Amino acid sequence: MDHSIASATGLFDIRQFIWQQDALAYCQIEATQLSQLVPTDFICSPMRVEVARTLSIPNDLPVVIGASDGCLANLGEQVLDSSKMVISIGTSAALRITHHQPIEDPTLMAFQLSIG
7 MDHSIASATG LFDIRQFIWQ QDALAYCQIE ATQLSQLVPT DFICSPMRVE
57 VARTLSIPND LPVVIGASDG CLANLGEQVL DSSKMVISIG TSAALRITHH
107 QPIEDPTLMA FQLSIG
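Residue numbers (this note's numbering): 7 to 122.
What follows is the structure, encoded as structure tokens:
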């Protein structure tokens with residue numbers, strides 16, 4: 007799992023790039039139960055020959071792990087600093103601003119769930 011997807015779990019330490027031990031303890035899980043953390047440009051290789059054959063692609067073709075669609079939307083729109091934002095509207099909606107340093111605000115929630 008790349009860092010951008012991991013950061014959306016609420017279990018990722020955005021400063022040390024590891025699973026956050028306090029959050030894991032709260033959830034009563036171990037880091038070994040979660041995916042291996044890798045950078046966004048991590049290349050998954052070598053590709054298994056049978057997978058490449060099924061997809062009709064060369065087995066030495068580099069496959070990059072990728073990232074969160076929201077993060078990549080900012081990159082694709084070249085919104086690379088906090089002077090602009092990207093608005094994404096689909097199955098959910100979000101306003102995203104790029105910052106070069108992590109910004110933490112314990113009063114913000116990633117998602118609001120309504121039950122009932």
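From the three backbone atoms N, C-alpha and C, an ideal C-beta is built for every residue, glycine too.
Keep in mind the model is a prediction, meaning the values are calculated, not measured.
Between which two residues does the beta strand (DSSP E) containing residue i stretch?
| i | result |
| --- | --- |
| I95 | V92 to I95 |
| R21 | Here R21 belongs to no beta strand (DSSP E), and DSSP marks it neither H nor E. |
| L101 | A99 to R102 |
By how many angstroms is the C-alpha of residue j removed from the C-alpha of residue i?
| i | j | result |
| --- | --- | --- |
| E125 | I109 | Residue 125 cannot be examined here, being either before or after the span of the chain that is shown, 7 to 122. |
| Q42 | S98 | 27 Å |
| A116 | A73 | With a pLDDT of only 47 at A116, under the threshold of 50, the placement of this residue in the model should not be trusted; the figure read from the coordinates follows. One C-alpha to the other measures close to 17 Å. |
| F18 | I11 | 9 Å |
| P68 | A14 | 26 Å |
| T104 | K90 | 8 Å |
| Q84 | F48 | 21 Å |
| V92 | N80 | 6 Å |
| M53 | S62 | 12 Å |
| A37 | Q22 | 14 Å |
| H106 | S51 | 30 Å |
| L78 | G96 | 15 Å |
Just checking my contact of residue i with residue j at CB under 8 Å: how many whole Å lie between their CB atoms?
| i | j | result |
| --- | --- | --- |
| G76 | S94 | 6 Å |
| T46 | I71 | 7 Å |
| A29 | G16 | 6 Å |
Starting from residue i, follow the alpha helix (DSSP H) in both directions and report where the run begins and ends.
| i | result |
| --- | --- |
| A127 | Residue 127 lies beyond the stretch modelled for the chain, which goes from 7 to 122, so this question has no answer here. |
| L40 | Looking at the DSSP string, L40 is not in any alpha helix (DSSP H), and its letter there is neither H nor E. |
| H9 | H9 to S13 |
| E56 | V55 to L61 |
Please state whether the Cβ-Cβ distance between residue i and residue j is less than 9 Å.
| i | j | result |
| --- | --- | --- |
| V44 | D87 | no |
Any C-beta of chain C sitting closer than 9 Å to the C-beta of residue i?
| i | result |
| --- | --- |
| C33 | The question asks about chain C, but that chain is absent: this structure has only one protein chain. |
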